[in-house]
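One structure below.
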Ligand SMILES: [Zn+2]
Ligand SMILES: [Zn+2]
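Numbering (full-length UniProt numbering), first residue to last: 1 to 93.
Okay, structure coming up:
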């Protein structure tokens with residue numbers, strides 16, 4: 001028994017597709033799609049939604065990227081800022 005996660009096709013809610021097949025399926029389904037245009041999620045191209053703002057509230061890829069950014073910021077604040085304007089900064093007067 002293999003565990004396969006199923007997702008719902010954004011273009012047709014009756015399509016239940018294995019997650020790893022979703023990108024290919026979406027390309028195929030988008031060609032036959034006749035409804036209102038869907039936006040592609042920046043965080044996962046397999047996410048196609050009508051309302052991106054609503055989607056981002058529950059998009060785990062987006063939420064994960066926020067977490068990552070928070071970690072990055074937390075890490076970078078521990079490193080002292082680097083002087084980038086050359087060696088003249090500490091020239092005594
Ligand atoms: Zn589909
Ligand atoms: Zn998304």
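Note that CB positions come from ideal geometry on N, CA and C, so glycine has one too.
It should be emphasised that the depicted structure is a prediction, and the values quoted were computed from it without experimental measurement.
Query, Result
"Per DSSP, the bridge partner or partners of residue 8", "16"
"Residue 64 (DSSP reduced to helix, strand or coil)", "helix"
"Proximity test, residue 25 beta-carbon vs ligand 2 heavy atom, cut-off 7 angstroms", "no"
"Residue range of the unbroken alpha helix (DSSP H) whose run includes residue 23", "22 to 32"
"Among 9, 44, 11, nearest to residue 63 - alpha-carbon criterion", "44"
"C-alpha gap between residue 9 and residue 78, whole angstroms", "43 angstroms"
"Beta-bridge pairing of residue 94 - partner residues as DSSP gives them", "The requested residue 94 is not part of the displayed model; the chain covers only 1 to 93."
"Test item, CB below 6 angstroms from any non-hydrogen atom of ligand 2", "41, 43, 44, 47, 55, 59, 61, 62"
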